[in-house]
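Enquirer: Sending over a structure as structure tokens; questions will come in a sec.
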Amino acid sequence: MSKAVANTILEGFDKHYRLFREISAQAHKHFLQADWEAAKQAAISRIQMYDQRVEEAVRAVLERFPDAAKDEELWRQIKPIYIGLLYNHKQPELAETFYNSVACRVIHRRYYSNDFIFYRPAISTEHIEGDVPTYRSYYPSMGRRRRLLLKLVADFRFGQRFENLRRDLRYLLIALAPHLPQPNQLQPNFQIQLLSSPFYRNKAAYLVGRIINGHREQPFVIPVLQNEQRELYIDTILLNSEDIATLFSFARAYFMVDMEVPSAYVDFLSAILPRKPRAELYTLLGLQKQGKTMFFRDLQHHLKHSTDAFTIAPGIKGMVMLVFTLPSFPYVFKIIKDFFEPPKEPNRQLVKDKYLLVKYHDRVGRLADTLEYSDVAFPLARIDPELLTELQTKAASSIELEGDYLIIRHLYIERRLTPLNLYLRDADEARRRAVIKEYGNAIRELAGANIFPGDMLLKNFGVTRGGRVVFYDYDEICYMTECNFRRIPPPSSLEDEMLDHAWYSVGESDVFPEQFLNFAFPVERDRRLFLLYHQALIDPEFWLATQRSIEQGQQSDVFPYPEAMRFCQRLANSDQLPGRHRRAA
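Residue 456 in the working numbering is what sits at position 434 of the sequence shown, and the numbering runs on without skipping anything.
As structure tokens, then:
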């Protein structure tokens, strides 16, 4: 029976990953057809499919083997058999995580131990070979670099005409020139390596690679877009590691990539993004369950090598979420409170729905991704007494004390950011100007993506290490199209002005942009700076015009790199580069 259970679970995983690859491969067709709505629906379907396949596998196990739920000895036998089945498997780490998901739903946590599940990986992912190589290698000669770039692009077989490929290759050569070795610097291993599958997201396809010369490596990413006539063009090339890291930010939607051996793609990306956790890379490739598994292992490893306690997170406490952190670990842990402080109305399921909305939506680099967990055990000795009291007082239904552990039934985990209100408290004038401009940019870009943050308070926005502003409090988030943006009507009399409440009616969906400044900026100089950069945001017409664009099916172009980096901006005025470079459709 043990072998039969192991085979049932692996069959469930193989079905899952086959469907995962199929839907990821469809991104190529959606891109060429400029079918952005289909691409969006495919992204949502791919996120949902993991739990669907796990539930199928759980039902299959329980229907065929009803005693499996409590038979501890059976699970001791299943795991080593399952490990044997993964020999020569192309996705062993994902199959182990799938096994954990099934096992943990079949048996209660009181019945299983680390002997029953993959607490650590059992199968190495090093040097796994797929039927198709993970990356292609090109060996350029000094006089034929343009021809090499032509082959590099042609090998992807986009199957669609380029607007002006000759011009684009010239752009690439000029941008690459400072990063390519001179003849006297060439090393025997000089080559360009390019991942075999493009990375698709939103309206772009990204070619990801690196230049190797001796011990030096230069990463690069080439975005390919379409113009209004559905002709392709190369928009720019990213060569700075910070720009590439921003492209792979935790605040952006997951890529669609057709990968036979996902660990090989993560290995390649880790080499060009060494500061990016592997857990985050798996997540950005759409393998968020594997990202969760690896994150949890990283947390357990960190706990064994640290001694600080989990404490209440710094900043203004939220009315809906109880937030705590481990100071030595760069993340925050968020639990929905049992009761919400006024004026928030208690609705636990609504909060969960808001977080799910963010998971499914294009985050345009402005919404922090979250990892959602159930039944997580924290060592009780590492919980600060003040935090424990707060949990028992405000989130008692979400916790349980079990021996030496605090069990949290449901929580969200996010990358820790500096709350914008705390950042401004310590910022000098230059950083203050930059971050207030960024705050307004974040609101604009979210609006263009059909997202209204709801609560504009600075404490709900965070600042990344690179100074980028990201929104992370989702209990009031909604679609722009659900809002009724209004101008405040003038008072009809002096008595109206003297009232301690609004003299006009306010509907549930009404939003008054003219009030944003009053809520967001208690400091007058910050108000002036905001108005300097973003006067339009307090005018209802901006919001109404954005609403109209969304309702007409127009999708805003939000580039994951500065506009100034685009070839049409950076090089259009150069004498070397005549001609017009059109904007993406």
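We treat Cβ as the ideally placed atom computed from N, Cα and C, and that holds for glycine. From a predicted model like this one, the values you see are computed outputs, not experimental measurements.
1) Is residue 388 helix, strand or coil by DSSP?
2) DSSP three-state label for residue 50, please.
3) Going along the chain, which unbroken runs of the beta strand (DSSP E) with 3 or more residues stay wholly within the segment 231-305?
4) Hey, residue 613 and residue 241 are a contact pair by Cβ (cut 8 Å); roughly how many whole angstroms apart?
5) Would you report the Cα separation of residue 191 and residue 138, rounded to the nearest angstrom?
6) Should residue 476 and residue 578 be called a contact, given that it needs their Cβ atoms to be closer than 8 Å?
7) Tell me the residue span of the alpha helix (DSSP H) that contains residue 320.
8) For residue 32 and residue 116, I'd like the C-alpha separation in whole angstroms.
9) If residue 417 sits next to residue 479, beta carbons under 8 Å apart, how far is it from one beta carbon to the other, in whole angstroms?
10) Evaluate contact between the segment 249-268 and the segment 355-366, counting only Cβ atoms and requiring at least three cross-stretch pairs below 8 Å.
11) When you compare each of 233, 185 and 569 to residue 167 by their alpha carbons, which one comes out closest?
12) DSSP on residue 346, reduced to helix/strand/coil?
13) Classify residue 224: buried if its beta carbon has 16 or more other beta carbons within 10 angstroms, exposed otherwise.
14) Within the 8 Å Cβ cut-off, does residue 434 reach chain D?
15) Spell out a yes or no on whether the segment 384-402 and the segment 425-432 are touching, meaning 3 or more CB-CB pairs, one atom from each, closer than 8 Å.
16) What first and last residue would you give for the beta strand (DSSP E) that runs through residue 356?
17) Given a threshold of 16 other Cβ atoms within 10 Å of its Cβ, counted over all protein chains shown, does residue 23 qualify as buried or as exposed?
18) For a minimum of 4 consecutive residues, which ranges assigned as the alpha helix (DSSP H) are wholly contained in the segment 494-549?
19) Got a sec? Which residues, its chain only, sit under 6 Å from residue 532 by beta carbon, not counting five neighbours each side?
20) Name the DSSP bridge partner or partners of residue 393?
21) For residue 67, which residues from the same chain have a beta carbon less than 7 Å from its beta carbon, with the 5 sequence-adjacent residues on both sides left out?
22) If you reduce the DSSP assignment to three classes, tell me which class residue 441 lands in.
23) Expressed to the nearest angstrom, what Euclidean distance is found between the alpha-carbon atoms of residue 449 and residue 493?
24) Between residue 83 and residue 30, which are expected to be in contact by the criterion C-beta below 8 Å, what is the C-beta distance as a whole number of angstroms?
25) What is the DSSP secondary structure of residue 39, counted as helix, strand or coil?
26) Below 7 Å, is the gap between the Cβ of residue 222 and the nearest heavy atom of the ligand ADP?
27) As a quick exercise: from 70, 80, 288 and 97, pick the residue whose alpha carbon is nearest that of residue 113.
28) What distance in whole Å lies between the Cβ atoms of residue 254 and residue 184, which are believed to be in contact at a cut-off of 8 Å?
29) Along the chain, where does the beta strand (DSSP E) containing residue 159 start, and where does it finish?
30) Taking the C-alpha atoms as reference points, what is the distance between residue 435 and residue 560?
31) Helix, strand or coil for residue 333 per DSSP?
32) Could you check if residue 285 is buried or exposed, using at least 16 other CB atoms within 10 Å of its CB as the buried criterion?
33) Mind checking whether residue 290 and residue 119 have CB atoms under 8 Å apart?
34) Is it right to say residue 310 is buried, meaning 16 or more other beta carbons lie within 10 angstroms of its own, or is it exposed?
35) Sort 74, 548 and 313 by Cα distance to residue 35 and report the nearest one.
36) Examine the Cβ distances between the segment 273-280 and the segment 384-395 and report whether three or more of them are shorter than 8 Å.
Expert: With the given structure in hand:
1) DSSP places residue 388 outside both helix and strand once states are collapsed to three, so it counts as coil.
2) Three-state result, residue 50: helix.
3) Taking 3 residues as the minimum length, the beta strand (DSSP E) runs contained wholly in the segment 231-305 are 238-248 and 254-256, in order along the chain.
4) An answer regarding residue 613 cannot be provided, because it is not within the stretch 23 to 607 covered by the chain.
5) Cα to Cα, residue 191 sits roughly 55 Å from residue 138.
6) Result no, Cβ atoms of residue 476 and residue 578 do not sit closer than 8 Å.
7) The continuous alpha helix (DSSP H) containing residue 320 extends over residues 310-326.
8) Each residue's alpha carbon lies about 10 Å from the other.
9) About 22 Å separates the two Cβ atoms, so there is no contact after all.
10) Judged by Cβ distances under 8 Å, the segment 249-268 makes no contact with the segment 355-366, as fewer than three pairs qualify.
11) Cα-wise, what sits closest to residue 167 is 233.
12) Three-state DSSP puts residue 346 in a strand.
13) In summary, residue 224 is buried, with 16 or more beta-carbon neighbours lying within 10 Å of its beta-carbon over all protein chains present.
14) Of the protein chains in the structure, only one exists, and it is not chain D.
15) Contact between the segment 384-402 and the segment 425-432 is present: three or more C-beta pairs spanning the two stretches fall below 8 Å.
16) Where residue 356 is concerned, the enclosing beta strand (DSSP E) stretches over 353-358.
17) Result: exposed.
18) Counting only runs of 4 or more, we get 516-520 and 538-542.
19) Cβ within range, chain order: 506 and 508.
20) 435.
21) Correct list, in chain order: 45.
22) The answer is strand: DSSP assigns residue 441 an E or B state.
23) Counting only the Cα atoms, residue 493 lies some 19 Å from residue 449.
24) With 8 Å as the limit, residue 83 and residue 30 qualify as a contact, their Cβ atoms being about 6 Å apart.
25) Secondary structure at residue 39: helix, using DSSP grouped into helix, strand and coil.
26) Looking for the ligand ADP in the displayed structure turns up nothing, as the structure carries no ligands at all.
27) Comparing Cα-Cα distances from residue 113 to each of 70, 80, 288 and 97, the minimum goes to 288.
28) Cβ-Cβ separation between residue 184 and residue 254: approximately 5 Å, consistent with a contact (criterion under 8 Å).
29) Where residue 159 is concerned, the enclosing beta strand (DSSP E) stretches over 157-160.
30) For the pair residue 435 and residue 560, the Cα-to-Cα distance works out to about 33 Å.
31) Residue state, collapsed to three classes: strand.
32) Residue 285 should be labelled buried.
33) Not a contact, by the Cβ cut-off of 8 Å.
34) Under the 10 Å beta carbon count, residue 310 is surrounded by 16 or more other beta carbons and is classified as buried.
35) 74 is the residue among 74, 548 and 313 whose C-alpha sits nearest the C-alpha of residue 35.
36) At 8 Å Cβ cutoff, the stretches touch.
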